[in-house]
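Read through the structure below, which is laid out as structure tokens, and then see the notes.
Next comes the structure, spelled out in structure tokens:
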């Protein structure tokens, strides 16, 4: 349990952070759309390695090391910023995690990107599940505006 909180913080940095404050980037005249993403990544004592997943509006995507940016197959990138004041670590088995996984949840915001996401805005909830503090699955649910 001693490693749980420091590892969770490292994982959250790897999952989606570029800075400590979320700028307002909503596209002028953009449309609010539902957003959902699922994926996974691996962390070691050396840090978190890139991951991959699938998301609405991106399709299949990759994540680079500790970069906090999702890159779609066509190269468009979507950045996020975490709201550290909302972090919650719960006991194993809380939805959507399995009975042997702990859950970390917090709020996040989209912070622009490249291509069609250059002025993206919106908010989502990031949920991480892990049973061994090395292998993580994540689920993002919210809304995006671009």
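In this note's numbering, the protein residues as written are 72 to 217.
Backbone N, C-alpha and C define an ideal beta-carbon position, used for all residues, glycine too.
Bridge-paired residues (DSSP) for residue i
i, result
"residue 192", "216"
"residue 105", "214"
"residue 206", "113"
"residue 126", "108 and 130"
"residue 154", "178"
"residue 184", "149"
"residue 173", "201"
"residue 118", "115"
Neighbour flag for residue i against chain D, beta carbons, 9 Å
i, result
"residue 164", "The structure shown contains no chain D; it holds only a single protein chain."
Through-space distance from residue j to residue i, alpha-carbon basis
i, j, result
"residue 169", "residue 184", "33 Å"
"residue 160", "residue 173", "7 Å"
"residue 190", "residue 213", "17 Å"
"residue 35", "residue 110", "Residue 35 is absent from the structure shown; the chain starts at 72 and stops at 217."
"residue 166", "residue 207", "15 Å"
"residue 126", "residue 102", "17 Å"
"residue 123", "residue 142", "9 Å"
Contacting residues, own chain, Cβ-Cβ under 6 Å from residue i (five flanking each side not counted)
i, result
"residue 176", "159 and 198"
"residue 140", "148 and 150"
Pick from the options that is closest to residue i, judged by C-alpha positions
i, options, result
"residue 210", "107, 103 and 115", "107"
"residue 215", "156, 180, 147 and 162", "180"
"residue 134", "145, 112, 117 and 152", "112"
"residue 200", "192, 187, 164 and 188", "164"
"residue 187", "217, 203 and 162", "217"
"residue 105", "128, 121, 118 and 152", "128"
Sequence-distant residues of the same chain with beta carbon closer than 7 Å to residue i, five excluded per side
i, result
"residue 178", "154, 157, 194 and 196"
"residue 205", "113, 114 and 115"
"residue 144", "130 and 131"
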